[in-house]
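Student: Sharing a structure here in structure tokens format.
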Amino acid sequence: MSKIRKILNKKNKSKIVCLTAYSKNISEEIDKYVDITLVGDSLGSVLYNYSSTRKVTLSEMINHSKSVRLGVKKSLMVVDMPFKTYTTKNIALKNAKKILKETKCDAVKLEGGKKIIKQVEFLIKNKIPVLGHLGLLPQSVKGKFKSKGKTTQEIKQLMSDALLLQKTGVFAIVLECVKTPIAKQITKDLKIPTIGIGSSVHCDGQVLVTDDLIGLNHTNIKFVKKFSNVKKYINSGLKKFAFEVRSKRYPTKKHSY
Ligand code: KIV
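As numbered in my numbering, residues 746 to 1002 make up the sequence shown, in order.
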């Protein structure tokens, strides 16, 4: 059974687990637990301190994805198409093909609904699997991040975009910061799975930025829960190393040629 079929089959049966990875050492660990490994363009803010994901380039995404690929054995690997790399259907196809060829990923993710439907349709027609992304779209935000699904207009747009993406053939949709009742309704209305981030437990799966949940990246975002504190472990190792070097306890004969 294909990896995408396995994701589709989880709808109404078991939750889909998705996490981000930007390098091999992390993807190797998360691959043991997730259904989808996402090379998110969130790497722009998490690793490079960019003020927006709009600054992330195609080559940055490809280089990080090549590293991630080395650690992914079983999960479905999805790569974000960065800002301005899918402005027309032909540009989208050229860049998506480059991403697939150079990173050997399984699918790409694009932000938006009706506005980018021609691009989504063209990729799918050319046998490139697409993961949709609706709600808060970081590549479109210039100012503050706000939740979506508050006004009648926003709700209508979200509902129709979700149905349109499903009709066009995306295999799942990420719902970012969508108000609980709307995320619940979209999840109920769709045959394909929804993957929530800040969009309630009602979605068919959840995604988070790994660096946030393991406590490697500091953030105050409401939807982030810190599940571990790896900084503590890193610091303990670093402190011991510095102490042993300064007190000449390391290296011993055992570590020397
Ligand atoms: O860029 C990213 O990491 C994402 C997820 C958090 C959904 O798009």
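For each residue, glycine too, the CB sits at the ideal point set by N, CA and C.
(1) For the pair the segment 812-819 and the segment 790-802, tell me if three or more CB-CB distances fall below 8 Å.
(2) Kindly indicate the opening and closing residues of the alpha helix (DSSP H) around I749.
(3) May I ask you to report which of helix, strand or coil DSSP gives G858?
(4) Please report the straight-line C-alpha distance between I966 and L953, rounded to a whole angstrom.
(5) For a cutoff of 9 Å on Cβ pairs, would you count N770 as touching chain C?
(6) Name the residue from P827, K748, K777, G880 whose alpha carbon lies nearest to the alpha carbon of G789.
(7) Take the Cβ of D780 as the centre, count every other Cβ of all protein chains shown within 10 Å, and call the residue buried at 16 or more, exposed below.
(8) Nearest to Q951 by CA position, among A917, N840, P926, is which residue?
(9) Does the Cβ of S853 lie closer than 8 Å to at least one heavy atom of the ligand KIV?
(10) Compare the Cα-Cα distances from K893 to each of K849, I931, N962 and report the closest residue.
(11) Would you say the beta carbon of L783 comes nearer than 8 Å to a heavy atom of the ligand KIV?
(12) Fully enclosed by the segment 762-824, which beta strand (DSSP E) runs are 3 residues long or longer?
(13) Evaluate A987 with the Cβ neighbour count: other Cβ atoms within 10 Å of its Cβ, from every protein chain shown; 16 or more gives buried, anything less gives exposed.
(14) Go ahead and pull the three-state DSSP assignment for H963.
(15) Comparing the CB of D825 with every heavy atom of the ligand KIV, is any distance shorter than 8 Å?
(16) Which stretch, first to last residue, makes up the alpha helix (DSSP H) that contains Q951?
(17) Could you tell me which of F968, D957, R991, H1000 sits nearest to Y767, measuring between CA atoms?
Tutor: On the basis of the supplied data:
(1) Contact fails: fewer than three Cβ-Cβ distances are below 8 Å.
(2) 748-753
(3) G858: coil per DSSP, three-state reduction.
(4) Here the C-alpha atom of I966 lies approximately 11 Å from the C-alpha atom of L953.
(5) In summary, chain C is missing from the structure at hand, where a single protein chain is found.
(6) P827
(7) buried
(8) Nearest neighbour of Q951 by Cα position, chosen from A917, N840, P926, turns out to be A917.
(9) As written in the sequence, residue 853 is Val, which differs from the Ser given in the question. Checking every heavy atom of the ligand KIV against the Cβ of V853, none is found closer than 8 Å.
(10) Cα-wise, what sits closest to K893 is I931.
(11) yes
(12) 781-784
(13) exposed
(14) coil
(15) Within 8 Å of the C-beta of D825 there is at least one heavy atom belonging to the ligand KIV.
(16) No alpha helix (DSSP H) holds Q951; the beta strand (DSSP E) holding it covers 950-953.
(17) D957
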